[in-house]
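Heads up: the sequence shown at position 200 corresponds to 200 in the numbering used here, and the numbers run straight through without jumps. Cβ coordinates follow ideal geometry from the N, Cα and C atoms, glycine included. Okay, structure first, notes after.
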Amino acid sequence: MNTLDKVEAVYNRIPVTVTDYSNQTQLAYAYQMDLSRLSNLEYSLPSERYMDIIIKGCEYYGVKQTYIDRLKQISVVPRMKSSEYKCITDVPDVHYTLDDLVLHNGTNNYPLWISINYKIFEHTGLPSTDDPSYHQLSTLYNVIKGLHSGKDMTLKMSQNLYEPLYGIPSTEDEMSLEHRSMVEDMFITFISNSRSGDKNYWRLIGKLIKSSSEKCTSNC
């Protein structure tokens, strides 16, 4: 569970008491969204991907079919088609080596870099501490710094997203164009949200030289 704690930027692990099917009380854990964020969120339906993960998990662990059937009746936001994913475009024609990327890992005087599908972003800083978005942006920055700084984060992001439709890749060789497209779309959505990533603080600066045409998404 420590691994989950490290990758969760907006959910906190809390203890809960549950009653199992044999009517025994058990201590369990659940991940609850940071309560300070809830008041800023608008109501929305769960995504089809999100519900698919929950339903498959319930089926795997033998949850009662009546509960699973109830989950299947919940309205969802349909999955996007792979052709609808947004792609990172207008990448500067500047090439960097893996050594360059590793050097910018946030532990020295160099700005932090990350790579998304071999497209490099530089973090340009955080707002002032009195800015309303500072806490959220700094929390997410520290998560990215701890897990992905100075690295290509495409594989890890794909694993964390866990799209049952495509499966979970164990290696880069197992990643499909759909995996890569989904990661690019997710990152664009992330930095376009002023409450989370904010594109003002992530600058697209070039490409990792190991990239090749087959590593790009189909709509690049």
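- For His123, the enclosing beta strand (DSSP E) stretches over residues 119 to 123.
- If you draw a straight line from the Cα of Met175 to the Cα of Ser115, it is about 16 Å long.
- The criterion of a C-beta distance shorter than 7 Å is not satisfied by Glu172 and Cys87.
- In the DSSP annotation of this structure, the continuous segment of the alpha helix (DSSP H) that includes Ser138 starts and ends at 134 to 148.
- Asp152 carries a strand assignment under DSSP once its states are collapsed to helix, strand and coil.
- Membership of Leu101 in the alpha helix (DSSP H) is indicated by the continuous run 98 to 103.
- Here the C-alpha atom of Lys151 lies approximately 38 Å from the C-alpha atom of Lys72.
- Residue state for Met175 is assigned as coil, using DSSP reduced to three classes.
- Rounded to the nearest whole angstrom, the C-alpha separation of Glu42 and Tyr29 is 26 Å.
- The beta carbon of Phe121 sits closer than 6 Å to those of Ile114, Trp202, Leu204, all from its chain and outside the five residues before and after it, given in chain order.
- In this structure, Ser158 is the residue among Asn200, Asp198, Ser158 with its C-alpha nearest to the C-alpha of Arg180.
- Annotated three-state conformation of Thr17 is strand, per DSSP.
- Met1 sits in coil when the DSSP states are folded into three classes, being neither helix nor strand.
- Going by beta carbons, Asp52 and Pro164 fall inside the 7 Å limit.
- Counting other Cβ atoms within 10 Å of its Cβ, Arg49 reaches 16 or more and is therefore classed as buried.
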